[in-house]
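Residue numbers (the working numbering), protein chains in the order written: chain X, 634 to 736; chain Z, -5 to 176.
Below: one structure, written as structure tokens.
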Amino acid sequence: MIWPAVIIGSLGAYLLKVSGYVIPERVLENDRLKRLTAMLPVALLAALVAVQTFSVGTALAVDARMAGVAAAIVALVLRAPFLVVVVVAAITAAVLRGLGLAA
Amino acid sequence: MFTGASQFALVGVLGAGGGALAAIVTALLLGARNSLYALSLRPYLATNRPARWWNVLGRAQLTIDESTAMAIRYSPGSRQARHAFLATGLSVFVLWNIGTLIGALGAAALEDPRTLGLDAAVPAGFIALLWPRLRDRNMIALAIVSAAVATALVPILQPGLPVLSAALVALIAERLLARRAP
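This is the structure we're talking about:
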């Protein structure tokens, strides 16, 4: 089910972009729609952060990932670029595991 | 799929054992903003002649956060706006897909991604995408509530659905916001 999901998801993402060019403006000129499209990424990304940090299948766990994300937040506060943020998180988790300090 | 957050989300939900449908819906809800980017880009990319259909299809593919941000710094309909859009869109497109290819090939060579801390890199990537969107108190509150609700639902729902619950949180939050500030 991976490739069908990738292909259908890609097609859908592309059609959303095309729709912005071809749908009459007044249909999309809607305050509620604008607010919602700004809010959806915030809500979904925050949920993805939480779930990817604390879930193992359908169980919750606190492990080296949390330390990695905490390090990522420090990097973001210091205005580090995207790639640095991601690498800092990975190194933090890898080092803690290597030292046997976290699962 | 050329819209970063959606690509990460699709892979993230599938990788965590979520269903294909949950993965697709999450990716598309994240990609819905591109539709409004396209709308706001229309006057910036307009020329004297009406746009041809292949122009529209090409522009659509390059419509992302970065190309929109670069184009709207110039005046609507100007050549600079079109060039900024094209240059940004094309260079991100090429580099992004090279990166995806390297990742796909590299992942096959890895034994356990956990040893390298790559499972921590995934949420770190999401929080880096989230960070610049936390512009005001409402957005910060929305992020905290969405994260808490999704975490609480992890033991109860199938993988993939806890993330989607955030879309409901956003819908409710939008109504609350609309009522407070009409």
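Even for Gly, the Cβ is constructed at its ideal location relative to N, Cα and C.
| Asked | Found |
| --- | --- |
| Rounded Cβ spacing between residue 735(X) and residue 700(X) (contact assumed at less than 8 angstroms) | 6 angstroms |
| Option nearest residue 35(Z) by Cα separation, candidates 130(Z), 71(Z), 2(Z) | 71(Z) |
| Identified DSSP bridge partners for residue 688(X) | 693(X) |
| Whole-Å CB distance - residue 702(X) paired with residue 686(X), under 8 angstroms assumed | 5 angstroms |
| Residue-chain proximity (residue 734(X), chain Z), Cβ-Cβ < 8 angstroms | no |
| Beta-carbon proximity check, residue 14(Z) vs residue 637(X), cutoff 8 angstroms | yes |
| Terminal residues of the alpha helix (DSSP H) in which residue 2(Z) lies | -2 to 9 |
| Collapsed DSSP secondary structure at residue 152(Z) in the structure displayed | coil |
| CB of residue 123(Z) within 8 angstroms of CB of residue -1(Z), strictly | yes |
| Segment limits, alpha helix (DSSP H) that includes residue 652(X) | 635 to 655 |
| Residue 661(X) at chain Z interface by Cβ criterion, 8 angstroms | yes |
| Contact set between the stretch 17 to 49 of chain Z and chain X, restricted to residues whose Cβ is under 7 angstroms from the partner | 17, 18, 20, 21, 22, 23, 24, 25, 26, 27, 28, 29, 30, 31, 32, 33, 36 |
| Best match in 679(X), 647(X), 673(X), 646(X) for proximity to residue 167(Z) [C-alpha to C-alpha] | 673(X) |
| Interface flag, residue 657(X) vs chain Z, CB-CB below 8 angstroms | no |
| Cut-off 7 angstroms between Cβ atoms - residues of its own chain near residue 144(Z), not counting five sequence neighbours on either side | 156, 157, 159, 160 |
| Rounded separation between residue 115(Z) and residue 690(X) - CA only | 18 angstroms |
| As assigned by DSSP and simplified to three states, the class of residue 105(Z) | coil |
| Residues from the stretch 690 to 710 of chain X in contact with chain Z, defined by Cβ distance under 7 angstroms | 690, 691, 692, 693, 697, 698, 701, 702, 705, 706, 709 |
| Residue from 43(Z), 57(Z), 48(Z), 47(Z) with nearest C-alpha to residue 82(Z) | 57(Z) |
| Alpha helix (DSSP H) segment containing residue 731(X), residue limits | 715 to 731 |
| Residue range of the alpha helix (DSSP H) that includes residue 130(Z) | That residue, residue 130(Z), is in no alpha helix (DSSP H); it is neither H nor E in DSSP. |
| Residue 113(Z) to residue 692(X) span [Cα, whole Å] | 16 angstroms |
| Cα-Cα separation between residue 730(X) and residue 661(X), rounded to whole angstroms | 49 angstroms |
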